[in-house]
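By the working numbering, the letter at position 30 of the sequence shown is numbered 30, and the numbering carries on one by one without gaps. C-beta atoms are modelled at their ideal positions from N, C-alpha and C, and glycine is treated no differently. Fair warning: this is a prediction, and the values are worked out from it, not measured in the lab. Inspection log for the structure reproduced underneath, given as structure tokens.
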Amino acid sequence: MSQVLVLTPGMEPHRIVSWQKAINMLFLGKVEVVEETDEVLYRSMTLTIRMPSVVRLLRFFRGIKRAVKFSRINVMTRDKFTCQYCAVKKKMRELNYDHVVPRHLGGRTNWENIVTSCYPCNAKKRNRTPDQAGMTLLSTPVKPKTLPITVHLNFGTNVPEAWASYVYWNVALEEDGPPE
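Dropping the structure here:
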């Protein structure tokens, strides 16, 4: 296994890193090893280091607060993968994003003017404002201060056994990426 699951101090999945990064974090005192494999990375008379498979952050790193990056996946995450016109939750591949005020009317591509929409609603709205199209927005688009942390495990049914106790199974694992 060349990847290591990193848990928050509260034992929730945080991210996946390479084993080299995990070892570096261990020696910097940022993590503790929770699960390891039988594979030996280093052995001396007094020390044996095994390959970590799960590590836990020892503390939350607050660091510099960064603004949430504007991206298609973050807009859809903010909108909970729900069309903001018909209120139907869909897979990512069935959604796109829509300019509330169309670009030809001066609308910008930013948090306050982009919403998630399904293809049928986007086609119905066309190049008009929601008022012009006789449609109502589910919620006013705003720039989020934070987004929920999501960990997308792209292993299909091959989730490493050592990770099984730490992955929440109430979320379907996708074989080919984030929610579709």
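Selected residue, minimal CA-CA separation from residue i, among the options
i: residue 134; options: 4, 49, 51 and 86; result: 86
i: residue 30; options: 58, 107 and 121; result: 58
i: residue 112; options: 120, 99, 93 and 121; result: 99
i: residue 114; options: 127, 68, 128 and 141; result: 141
i: residue 68; options: 163, 32 and 110; result: 110
i: residue 138; options: 15, 88, 106 and 94; result: 88
i: residue 187; options: 118, 128, 120 and 123; result: Shown here, the chain extends from 1 to 180; a query on residue 187 therefore has no answer.
Backbone CA spacing between residue i and residue j [nearest angstrom]
i: residue 104; j: residue 131; result: 16 angstroms
i: residue 36; j: residue 21; result: 15 angstroms
i: residue 8; j: residue 78; result: 22 angstroms
i: residue 116; j: residue 46; result: 57 angstroms
i: residue 177; j: residue 27; result: Confidence at residue 177 is low in this model, with a pLDDT of 42, below 50, so its placement is unreliable and no value can be given for it.
i: residue 165; j: residue 4; result: 14 angstroms
i: residue 108; j: residue 102; result: 8 angstroms
i: residue 73; j: residue 97; result: 10 angstroms
i: residue 48; j: residue 42; result: 6 angstroms
i: residue 125; j: residue 70; result: 23 angstroms
i: residue 18; j: residue 95; result: 32 angstroms
Beta-carbon gap between residue i and residue j smaller than 9 angstroms
i: residue 53; j: residue 160; result: yes
i: residue 55; j: residue 25; result: yes
i: residue 90; j: residue 83; result: yes
i: residue 34; j: residue 50; result: no
CB contact check: residue i to chain C, cutoff 9 angstroms
i: residue 103; result: No chain C appears in this structure, which consists of one protein chain only.
What ranges does the beta strand (DSSP E) occupy inside the stretch 74 to 139, keeping only unbroken runs of at least 3 residues that lie completely in it? 95 to 99 and 114 to 118
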